[in-house]
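Asker: First, the structure itself, so that you have it in front of you.
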Amino acid sequence: MAGYRKLGRTSSQRKALLRNQVTNLLYHGKIVTTEAKAKEIRKIAEGMIALAVKEKDNYDTVTVTAKVARKDKDGKRVKEVVDGKKVTVYDNVEKTIKKDKASRLHARRQMLKTLYTVTEVPAEAAGKKKNTKTVDVTDKLFDEIAPKYVSRNGGYTRIVKIGPRKGDAAMEVLIELV
11 MAGYRKLGRT SSQRKALLRN QVTNLLYHGK IVTTEAKAKE IRKIAEGMIA LAVKEKDNYD
71 TVTVTAKVAR KDKDGKRVKE VVDGKKVTVY DNVEKTIKKD KASRLHARRQ MLKTLYTVTE
131 VPAEAAGKKK NTKTVDVTDK LFDEIAPKYV SRNGGYTRIV KIGPRKGDAA MEVLIELV
């Protein structure tokens, strides 16, 4: 007996479908799908959340100095004339960043093997490339989702049956983060 559901697809199609569904579940918090797909999604998502909870606070805070180009009110770089050439003016800025320790970095890379990056489009710019931003779902896992489940030992998702789908009578379910 197989250790997973084949979902009537080839292996590459199945992996792409599950990656997409897991990414959307973690990004939105809940999705509607069929019962068989939801049970497969649950395995992957719960493993990732457990990994994020385990590695939640495993980082060092480091202060770094970076050179950043000075910008004017329009957001354009400020230039000065030096020896007859236009040169961009830079300022030194100190930033505090989180530097992952080795095990957290490994966990992040394991998650990146499965999760897609999400492109967020603002409502007023729908259909346009301008003002879109990419959201790192692994950061969301570590910063938002993992702190909610620190005191919980597994069971991070819930599957609620909705009823049969109109077209093919497949059982539809809502899978959500608890």
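Under my numbering, residues 11 to 188 are what the sequence shown spells out, in order. Even glycine gets a Cβ: it sits at the ideal position worked out from N, Cα and C. Keep in mind that this is a model prediction, so the values were computed, not measured.
1. Measure the CB-CB distance between Thr75 and Met181 and report whether it falls below 8 Å.
2. Check for me: the beta strand (DSSP E) holding Lys150 runs from which residue to which?
3. Helix, strand or coil, according to DSSP, for Arg19 in the structure here?
4. Measure from the alpha carbon of Ile169 to the alpha carbon of each residue in Asp146, Ala46 and Pro132, then state which is nearest.
5. Rounded to whole angstroms, what's the CA-CA distance from Arg52 to Glu104? Just pull it up for me.
6. Excluding the 5 residues preceding and the 5 following Tyr117 in the sequence, name in chain order all residues of the same chain whose CB lies nearer than 6 Å to its CB.
7. In chain order, what residues of the same chain lie with their CB nearer than 7 Å to the CB of Val63, ignoring the 5 residues before and after it?
8. Return the residue from the list Asp153, Thr71 and Gly164 that minimises the CA-CA distance to Lys111.
9. On the three-state DSSP scale, how would you describe Asn30?
10. What are the start and end residues of the alpha helix (DSSP H) that includes Arg118?
11. I'd like to check one pair, Ile54 with Leu28: are the Cβ atoms closer than 8 Å?
12. Quick one: what's got a C-beta closer than 8 Å to Thr127's C-beta in the same chain, skipping five residues either side?
13. Roughly how many angstroms lie between the CA atoms of Ala48 and Val183, to the nearest whole one?
14. Are the beta-carbon atoms of Gly89 and Val99 separated by less than 8 Å?
Answerer: Short version:
1. Here residue 75 corresponds to residue number 65 of the sequence shown, with the count starting at 1. Here residue 181 corresponds to residue number 171 of the sequence shown, with the count starting at 1. Cβ distance not < 8 Å, so Thr75 and Met181 don't count as in contact.
2. The residue given as residue 150 occupies position 140 in the sequence shown. That residue, Lys150, is in no beta strand (DSSP E); its alpha helix (DSSP H) goes Val147 to Lys150.
3. Taking the sequence shown and counting its residues from 1, one reaches residue 19 at position 9. If DSSP states are grouped into helix, strand and coil, Arg19 belongs with coil.
4. Residue mapping note: residue 169 aligns to position 159 of the sequence shown, counting from 1. Of Asp146, Ala46 and Pro132, the residue nearest in Cα terms is Ala46.
5. Start at 1 with the first residue of the sequence shown, and residue 52 comes out as number 42. Start at 1 with the first residue of the sequence shown, and residue 104 comes out as number 94. When rounded, the distance between both Cα atoms is 42 Å.
6. By 1-based counting over the sequence shown, the position of residue 117 is 107. Before going on, a small fix: residue 117 reads as Ala here, not Tyr. Once the five neighbours on either side are set aside, the close Cβ partners of Ala117 are Leu61 and Glu65.
7. Taking the sequence shown and counting its residues from 1, the one referred to as residue 63 is at position 53. Cβ within range, chain order: Ala156, Tyr159 and Val160.
8. Taking the sequence shown and counting its residues from 1, the one referred to as residue 111 is at position 101. Checking every option, the nearest Cα to that of Lys111 belongs to Thr71.
9. The residue labelled residue 30 in the question sits at position 20 within the sequence shown. The answer is helix: DSSP assigns Asn30 an H, G or I state.
10. By 1-based counting over the sequence shown, the position of residue 118 is 108. From DSSP, the alpha helix (DSSP H) with Arg118 extends over Ala112 to Thr124.
11. Counted from its first residue, the sequence shown places residue 28 at position 18. Counted from its first residue, the sequence shown places residue 54 at position 44. In this structure, Ile54 lies closer than 8 Å to Leu28 by Cβ.
12. Within the sequence shown, residue 127 is the residue found at index 117, counting from 1. Result list for Thr127: Thr144, Val145, Asp146 and Val147, in chain order.
13. The residue you call residue 48 lines up with position 38 of the sequence shown. The residue you call residue 183 lines up with position 173 of the sequence shown. So the alpha carbons of these two residues sit roughly 7 Å apart.
14. Position 79 of the sequence shown, counted from the start, is the residue given in the question as residue 89. Position 89 of the sequence shown, counted from the start, is the residue given in the question as residue 99. Before going further, note that residue 89 is Lys rather than Gly in the sequence given. Taking 8 Å as the Cβ cut-off, Lys89 and Val99 qualify as a contacting pair.
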